[in-house]
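Residue numbers (my numbering), protein chains in the order written: chain V, 8 to 393; chain H, 21 to 430.
This is the structure:
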């Protein structure tokens, strides 16, 4: 199966982009974002979960929160390219919301293909938010690794243990939990208010999202909550992984473009030595390098998104490339965006740090650049000989 | 669908079939002597005669100049040169010898030349009967091209040219040269005028060509000296004082961002050798690094993947440039093309030397050199690509200024 040359990006996606850009400009311009998430600056403050529920409600009304939910589960079932378009615009606004967490949970559930997963997708289609509880204490991104166990068989299993680095946990209604039993990893849909679930917020660098470790103490999951049977969870997570990487990459491309545009504007306006600093090649050339790296990452993110629907056999390759390129880009662009804002860029009141922190978080989420280059090498060269 | 996945128009589809058929029946015989990596390194007449015969046959078949009007010797088609190029690439034909003429002189004459000049020159460029060279760079005008000092002084209907051009590829074979001259020392940019000048017929009579040797040890380019060379005013392109605008047309095409697609054939140019980072994987499999296969070294693997990702991204960016909704600024990627591609090439060659390790010290004449010593040669040659046609530094200025709107360096 070949990809369409135009990425399957048509008038519908273009319209979605312009509507999304308008929406985020209205509900999450820089000043609004600053007031929302950065009113307190103490690094030792209690971790908070700051987001605009009303704006999220409006997004849900527009159907944007169910773009990725298959039509037969009640969603809009739009292409990954369309979803990436929305995510990219959300990243450009550094919009605090469970958008990516919910979309990524959607892709995992869609990869399960079970009745339990379909039920959960239906709930997302009706407006519930979701998150993935699939990472262990050591922050492994491998699908097989979880610290949660599932015991018992038949109609009910009991979950015990803690899932770490759960994205936007306090904005989620449902969690998709990976848990290990003798038969292997299974996936379970657990409402956050189920008895035995404790959400412990992490104190994180990024101000535009929340993260937590979630403890499951004798949480019971019935047959209807099984999204993937024991032994089938790992395959479902692996199947969804390219979509997860693609969406995080799209978010990073949007944020990177904000950094480029903002840094360029400042370099044109800030005068030193009687000239705008953008005159000097020590400033101008690295800003051009930011643009080149963003373009690389963006082209790969859309290639990966397009592959998800049109060339699934190649999606993993493109997704590894996209996330590696996006993480390398984010590291470079973040550094330059602070540096070229000079003393202003070092302050809390300058917007730049909001994006730097979002990108720091994004860079490692589901694996950093070196991790994905290593995975890609395993695919293209073969595993390293023992 | 083409190999790039684009849909052909009916005219293009029909033409593609024609090209493929013709190429299958008219594959040129192998060259009588070994050819250099690209046309700008040609040094002997046997090589040139072979390649000129190939260009002529491709021209006669309608594969060269497809999109130029018929009155200038072209095929009068639309959007078909790209098709012919793709098919010649696919057929792995030899390259064309007349690269400066096809890529720079022809589009410049087409856009700025008089009707007479267009009819006189373009047909023989397309057929390869007349080889051209380019007189832009001078000892004091490299990146700062507008600083050219070669003087053109007017006396009635004649101009007298005095000065020196350098880094002039193909000058030893050239019949003609496109040249940027200064007619007025009082204005840097408006003091420039653009001409075509005869080279071959004026050798020893106002024109002297001296070969320069590249750092690789190969020949290929030259210095050209003008001493009281007289040319008619009819050889001027565009108005007196418009030389800079005309030069911009030349450079836009040289960097692959101009409106006219340059006829290019297959062959083994530098780009083809370094075009695929996957060649590094094979090289790594055949090389030892720290006592084991270089393909099993995590650092080498990481660095190959880093380059490969940039290379795939480059191809995907070309694809994305054709989707308006995914393109912020129409020149944002086209102006990156030459810069990004040549830096990828250079990084591939550089990493190849590291993978080869001790064996990378062996050059082309050494029988023990891996892959014939092509990697050290490619590495040295790659600097030609990041310097010629606008250095990477000048191209970053252009991107910063034209696309991002930052203040101009000049």
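Idealized CB from N, CA, C, for every residue including glycine. If you're wondering where the values come from, they're calculated on a predicted model, not measured in any experiment.
Tell me which residues share the same chain as residue i and place their Cβ nearer than 8 Å to its Cβ, disregarding the 5 neighbours each side in the sequence.
i: residue 25 of chain V; result: none
i: residue 155 of chain V; result: 140, 166, 167, 168, 169, 170, 184, 185, 186, 187 and 223
i: residue 100 of chain H; result: 31, 32, 35, 86 and 87
i: residue 386 of chain V; result: 323, 324 and 327
i: residue 301 of chain H; result: 315 and 324
i: residue 37 of chain H; result: none
i: residue 271 of chain V; result: 285 and 294
i: residue 78 of chain V; result: 84
Starting from residue i, trace the beta strand (DSSP E) both ways and give me its first and last residue.
i: residue 223 of chain V; result: 218–229
i: residue 206 of chain V; result: 204–208
i: residue 233 of chain V; result: 233–235
Quickly, what does DSSP pair residue i with across the bridge? List them, please.
i: residue 244 of chain H; result: H/185 and H/229
i: residue 196 of chain H; result: H/152 and H/218
i: residue 191 of chain V; result: V/188
i: residue 174 of chain V; result: V/218
i: residue 173 of chain H; result: H/180
i: residue 313 of chain H; result: H/308
i: residue 196 of chain V; result: V/183
i: residue 373 of chain H; result: Answer is none; residue 373 of chain H lacks a bridge partner.
i: residue 251 of chain H; result: H/179
i: residue 283 of chain V; result: V/278
i: residue 256 of chain H; result: H/215
i: residue 223 of chain H; result: H/227
i: residue 202 of chain H; result: H/171 and H/212
Identify, in the order they occur along the chain, each residue of the same chain with its Cβ nearer than 7 Å to the Cβ of residue i, setting aside the five sequence neighbours on each side.
i: residue 351 of chain V; result: 357
i: residue 236 of chain H; result: 397, 400 and 401
i: residue 363 of chain V; result: 341, 344 and 345
i: residue 248 of chain H; result: 180, 182 and 226
i: residue 288 of chain H; result: The predicted position of residue 288 of chain H is uncertain, since its pLDDT is 46 and thus under 50; a value taken from the coordinates is nonetheless stated next. Same-chain partners within the cutoff: 57.
i: residue 214 of chain V; result: 44, 45, 361 and 364
i: residue 128 of chain H; result: 198, 257, 266, 269 and 270
By Cβ distance, which residues of its chain are closer than 6 Å to residue i, with the 5 residues on each side in sequence left out?
i: residue 246 of chain V; result: 118
i: residue 16 of chain V; result: 88
i: residue 152 of chain H; result: 120, 121, 125, 194 and 196
i: residue 334 of chain H; result: 360
i: residue 224 of chain H; result: none
i: residue 86 of chain V; result: 15 and 316
i: residue 144 of chain V; result: 154 and 171
i: residue 171 of chain H; result: 182, 183 and 202
i: residue 401 of chain V; result: Outside the modelled stretch of chain V, which goes from 8 to 393, sits residue 401 of chain V, for which no answer is possible.
i: residue 416 of chain H; result: none
i: residue 291 of chain H; result: With a pLDDT of 49 at residue 291 of chain H, under the threshold of 50, the modelled position of that residue is not reliable, and no figure is offered here.
Would you mind giving the Cβ-Cβ distance between residue i and residue j, rounded to the nearest angstrom? I have them listed as a contact below 8 Å.
i: residue 100 of chain V; j: residue 56 of chain V; result: About 18 Å separates the two Cβ atoms, so there is no contact after all.
i: residue 117 of chain H; j: residue 62 of chain H; result: 6 Å
i: residue 307 of chain V; j: residue 67 of chain H; result: Contact flag wrong, Cβ pair sits at about 40 Å.
i: residue 207 of chain V; j: residue 219 of chain V; result: 6 Å
i: residue 234 of chain V; j: residue 196 of chain V; result: 5 Å
i: residue 217 of chain V; j: residue 54 of chain V; result: 7 Å
Along the chain, where does the alpha helix (DSSP H) that runs through residue i open and close?
i: residue 329 of chain H; result: 318–341
i: residue 143 of chain H; result: 135–147
i: residue 18 of chain V; result: 18–34
i: residue 375 of chain V; result: From DSSP, residue 375 of chain V is part of no alpha helix (DSSP H); its letter is neither H nor E.
i: residue 303 of chain V; result: 288–317
i: residue 130 of chain H; result: 126–132
i: residue 271 of chain V; result: 240–276
i: residue 356 of chain H; result: Neither: residue 356 of chain H is in no alpha helix (DSSP H) and is coded neither H nor E.
i: residue 65 of chain V; result: 60–68
i: residue 399 of chain H; result: 394–407
i: residue 267 of chain H; result: 263–274
i: residue 418 of chain H; result: 412–418
i: residue 39 of chain V; result: 37–44
Problem set entry | chain C contacts from the region 268–283 of chain V (Cβ-Cβ distance under 7 Å) | This model lacks chain C altogether; the protein chains it does include are V and H.
For this session: Return the chain-ordered ranges of every alpha helix (DSSP H) run that is complete within the region 33–77 of chain H and spans a minimum of 4 residues.
Result: Along the length of the region 33–77 of chain H, whole alpha helix (DSSP H) runs at least 4 residues long do not occur.
Problem set entry | Segments assigned alpha helix (DSSP H), at least 4 residues, entirely inside the region 87–172 of chain V | As far as the region 87–172 of chain V is concerned, its whole alpha helix (DSSP H) runs of at least 4 residues are 87–99, 106–119 and 122–132.
Exercise. Going along the chain, which unbroken runs of the alpha helix (DSSP H) with 4 or more residues stay wholly within the region 77–112 of chain H?
Worked result: As far as the region 77–112 of chain H is concerned, its whole alpha helix (DSSP H) runs of at least 4 residues are 101–110.
For this session: For the region 332–381 of chain V, list the alpha helix (DSSP H) runs that are entirely contained and at least 4 residues long, ordered along the chain.
Result: The region 332–381 of chain V contains these whole alpha helix (DSSP H) runs: 349–352 and 359–371.
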